[in-house]
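Peer 1: Numbering (numbering that gives the first Met the number 0), first residue to last: 0 to 770.
By construction, the Cβ of each residue, glycine as well, lies at the ideal position given by its N, Cα and C atoms.
Below is a structure I'd like to ask you about.
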Amino acid sequence: MGGVCCVQYSVAVRALCEFVAKQGDLDLRFTPSPTALEGIQGHGIVTARRKQSYQREVTLEGEYRHLRIKGRADGYDPELNRLEEIKTYRGDLTHMPPNHRHLHWAQAKIYGWLLCQKLSLHELELALVYFDVGSQKETTLLERFTSGVLKEYFERQCSLFLDWAEQELTHREHRQRCLEALPFPHASFRTGQRDLAEAVYKAAHVGCSLMIQAPTGIGKTIGTLFPLLKAMPRQNLDKVFFLTAKNSGRQLAFNAMGAITQAAPELSLRILELRARDKACEHTDKACHGESCPLAKGFYDRLPQARQAALKEKVLDHDSLRTIALGWQVCPYYLSQEMARWCDVIVGDYNYYFDSSAMLFALKEQSQWRIGILVDEAHNLLERARGMYTASLDHAVVASLRKERPPGLKQPLDRINRCWNALIKEQPSTYQAYDEIPAKLLSALQKAISAINDLLNETLAPLDATLQLFYFDAIQFVRMAESFGEHSLFELLKKNELSRKPAVQQSVVTIRNVVPAPFIGPRFNATHAAILFSATLSPPHFLRDTLGLAAGTPWVNVKSPFAAEQLSVRLVDNISTRYQHREQSLRPIAELMAWQYRQEPGNYLAFFSSFDYLEKTASLFSNLFPDIPLWLQARQMNEADKAQFLQRFTNTSSGVGFVVLGGSFGEGVDLPGQRLIGAFIATLGLPQINPANEQIRTKLDRQFGTGYDYAYFYPGMHKVIQAAGRVIRTTSDRGVLYLIDDRFAQSKVRRLLPEWWKAQTFRWPHSVNRK
């Protein structure tokens with residue numbers, strides 16, 4: 000290790016303390032913690048109360064041997080010679096676990112020595128300032144230290160970290176050398192794949208976001224991962240995050256990383272998979288604290304050995320991480336969160352970076368990492384991000400809680416009920432969107448949250464499941480209300496319009512995010528390079544506007560490796576699939592599908608706009624053509640059901656699978672060769688026209704002037720092109736695609752179809768009246 004000692008290892012104060020000062024049990028009872036936004040606001044409130052001479056966000060750094068420590072102390076009062084470490088919280092401070100307080104003092108002491116060194120102070124008063132985001136009250140704990148004591152503490156903590164730092168320096172230096180020499184893992188690039196890789200490398204070199212539209216089957220995963228890894232040494236990137244919408248994308252990322260590491264066996268790249276808590280938890284019936292879960296008991300005491308064991312594995316997917324965690328009797332989910340600090344490539348869902356409480360984004364900010372992100376199937380991000388910043392409350396839950404009458408909650412719940420009923424009474428329609436959130440309802444919710452906090456503090460017992468659900472939903476609702484604006488809608492939807500008793504009429508109130516740009520735009524800006532890729536990113540301004548990408552974000556349309564002769568695209572322009580024509584369209588569509596099947600037997604997928612449309616067409620098809628095998632997507636399918644459905648598509652089977660457009664089988668499905676030789680898409684994919692979607696259209700029209708296109712047309716076309724991409728997967732595939740609806744012939748629609756398609760009008764003899 001001596002060869003790396005001349006190189007400095009840089010670590011943030013918080014990361015240093017969390018490594019050396021955490022001890023005892025994993026304990027999540029002191030929750031829910033404030034969001035990042037609430038934390039920022041809380042810090043602002045506290046520091047605004049201080050004198051004019053008070054110094055905020057004091058930048059500090061120092062060295063110990065070849066370790067460089069840096070960070071920002073919350074505040075310093077030169078008149079009192081007091082350094083403050085501000086922590087926001089909810090609930091009763093006396094119930095904060097001792098190991099939390101121990102960690103906070105560690106941070107304060109490290110900052111304390113760095114400040115003493117900077118200002119040549121002989122002594123210093125340290126203050127832990129706890130700010131309750133609910134009551135907005137401060138609790139201050141004070142302790143005075145000499146600079147000598149703080150220096151001794153600082154050096155002791157640094158020495159504990161030093162061996163690890165040397166190990167990390169060795170790893171990083173070796174990683175950088177290997178990445179500089181990293182070869183492309185295949186003999187050659189596919190058509191268009193080199194252009195894709197070059198665009199990614201240039202974006203990393205410049206340090207900007209990039210949108211890439213590249214056809215399905217080109218090898219986008221390896222074509223984006225490889226150049227970003229190559230850019231890591233020269234751009235001094237700490238991490239690459241590969242963010243996915245679905246499990247299929249996660250597996251593709253691991254397959255690509257496997258190919259890359261196989262081509263460079265000497266490359267010691269650490270690759271981590273992050274899974275959702277409910278998928279990684281070993282004891283779903285137990286609470287996350289040492290008195291309940293054996294894997295939480297002494298978690299931080301056993302973590303160092305588990306962490307070291309994990310680093311001996313290059314690939315930490317769900318299964319390997321679980322094996323290590325259980326071997327050391329620690330929680331697999333929280334071990335994965337710890338390993339995110341020390342791995343090079345992290346594969347996980349969008350929410351790990353874009354959600355309001357996103358773990359990866361928080362770690363990136365705390366540790367000041369320089370990162371590159373890859374957003375797989377980026378056309379999905381808009382809807383997913385909308386969901387992240389949407390919050391709902393169900394009146395039925397409030398009604399249920401009022402019947403149970405939890406102690407101390409009758410009055411708060413009654414107040415919510417009165418405010419809610421007033422809304423219902425004033426609203427004549429089933430659905431209504433409002434420009435503002437009723438202040439009385441918000442006030443009632445805030446008081447209920449405080450009352451539940453008091454209940455928790457008094458009993459220390461776990462909440463009833465219904466009450467807990469309401470508690471977390473109410474907190475999220477109030478959080479979203481704090482940032483309510485032009486990007487969101489406040490809605491009330493009545494669920495039983497026929498009820499004769501308005502006082503008991505069930506309904507749902509929702510703060511619905513329409514444009515996530517204000518929330519996730521800053522997340523893109525926080526990266527060194529953000530690469531968004533998909534087969535459907537047209538037109539570029541649609542996602543630039545709605546996702547908050549910079550106006551000048553480059554957009555690249557990669558040439559397809561496929562030839563027009565591989566896919567016969569037929570526009571059936573004399574059948575309408577509009578809602579009012581669907582009954583008339585059933586027989587022509589069924590007959591067209593059977594005719595094509597008899598021309599060329601094999602495996603086909605048929606996409607419809609709804610389960611109702613699918614089931615009616617399938618029923619008629621089965622009656623008319625009982626000799627043709629068919630299988631249907633069910634309304635509720637788990638992962639095993641989906642896998643079984645796809646297993647029917649073999650190189651020797653034949654039949655028609657009836658599925659819903661935009662569902663589980665419209666993207667992320669790979670059926671090459673004879674496993675799929677054609678598709679029928681009997682819909683333009685437009686979202687249903689209803690009052691809620693019309694409000695979204697109006698909101699988008701007000702902001703961008705193209706409400707219909709942004710709310711209906713572009714999302715629909717993305718679904719169509721994604722579904723069509725299931726047919727041709729390799730350069731040797733051949734297939735046929737029927738786009739069934741007269742609107743597919745419109746020039747506006749045809750402009751969004753892939754350039755390599757040579758679509759031809761196909762008039763089915765049995766037309767449907769479109770008038």
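#1: Can you tell which of Glu490, Gly547, Val508, Ala528 has the C-alpha that lies nearest to the C-alpha of Val514?
#2: What residue range is occupied by the uninterrupted beta strand (DSSP E) comprising Arg55?
#3: With DSSP collapsed to three states, give me the class of Thr776.
#4: Under the DSSP definition of a beta bridge, which residues are partnered with Asn556?
#5: Regarding Glu172 and the ligand ATP, is the C-beta to nearest heavy atom distance less than 7 Å?
#6: Which value, in whole angstroms, describes the spacing of the CA atoms of Trp756 and Ala563?
#7: Quick one: what does DSSP say Phe664 is sitting in, helix, strand or coil?
#8: Evaluate Asp73 with the Cβ neighbour count: other Cβ atoms within 10 Å of its Cβ, from every protein chain shown; 16 or more gives buried, anything less gives exposed.
#9: Going along the chain, which unbroken runs of the alpha helix (DSSP H) with 4 or more residues stay wholly within the segment 694-739?
#10: CA-CA distance, Arg586 and Phe679?
#11: When you compare only the Cα positions, how much space is there between Gln687 and Glu693?
#12: Leu752 to Ile720, Cα distance in whole Å?
#13: Once you ignore the five residues that flank Thr215 on each side, which residues in its own chain have a CB closer than 6 Å to its CB?
#14: May I ask you to report which of helix, strand or coil DSSP gives Lys494?
#15: Please name the residue, chosen from Val735, Ser653, Ile85, that lies closest to Gln565 on a Cα-to-Cα basis.
#16: So Asn420 is in the alpha helix (DSSP H); what residue range does that whole segment cover?
#17: Using 8 Å as the threshold, is the C-beta distance between Tyr709 and Thr545 below it?
#18: Output the distance between the C-alpha atoms of Val314 and Arg176, rounded to the nearest integer angstrom.
#19: Go to Glu265, then tell me how far its alpha helix (DSSP H) extends in each direction, as first and last residue.
#20: Looking only at its own chain, which residues have a Cβ that is under 7 Å from the Cβ of Leu110, when we skip the five neighbours before and after it?
#21: On the DSSP letters alone, give me the boundaries of the alpha helix (DSSP H) that Arg569 sits inside.
#22: From Leu113 to Ser366, what distance separates their C-alpha atoms?
#23: Just the Cα atoms here: how many angstroms apart are Leu444 and Thr138?
#24: Check each candidate in Ile695, Ala180, Leu412, Cys330 and name the one with the smallest Cα separation from Phe469.
#25: Within the continuous alpha helix (DSSP H) that includes Ala107, where are the two ends?
#26: Exposed or buried, what is Tyr88 when buried is set at 16 or more other beta-carbons lying within 10 Å of its beta-carbon?
#27: Going by alpha carbons, who is nearest to Val508 out of Ser584, Pro553, Ala421, Leu536?
#28: Just verifying my parser: in three-state terms, what is the DSSP assignment at Ser449?
#29: Looking only at its own chain, which residues have a Cβ that is under 8 Å from the Cβ of Ala589, when we skip the five neighbours before and after it?
#30: Does the distance from the C-beta atom of Leu359 to that of Tyr349 stay below 8 Å?
#31: Hey, out of Lys494, Ala262, Pro764, Tyr8, whose CA is closest to Ala180's CA?
Peer 2: Looking at the atomic coordinates:
#1: Gly547
#2: 54-63
#3: An answer regarding residue 776 cannot be provided, because it is not within the stretch 0 to 770 covered by the chain.
#4: Gln212
#5: Ligands in the displayed structure: none, and consequently the ligand ATP is not present.
#6: 5 Å
#7: coil
#8: buried
#9: 713-723
#10: 14 Å
#11: 9 Å
#12: 7 Å
#13: Ala534, Gly724
#14: coil
#15: Val735
#16: 409-425
#17: yes
#18: 20 Å
#19: Neither: Glu265 is in no alpha helix (DSSP H) and is coded neither H nor E.
#20: Sequence inspection shows Tyr at residue 110; the Leu mentioned does not correspond to that position. Result list for Tyr110: Val12, Leu59, Gly70, Ala72, Leu82, Glu84, in chain order.
#21: Element bounds for Arg569: not the alpha helix (DSSP H) but the beta strand (DSSP E), 566-571.
#22: 17 Å
#23: 25 Å
#24: Leu412
#25: 97-118
#26: buried
#27: Ala421
#28: helix
#29: Thr616, Leu619, Phe620, Leu623, Phe624
#30: no
#31: Ala262
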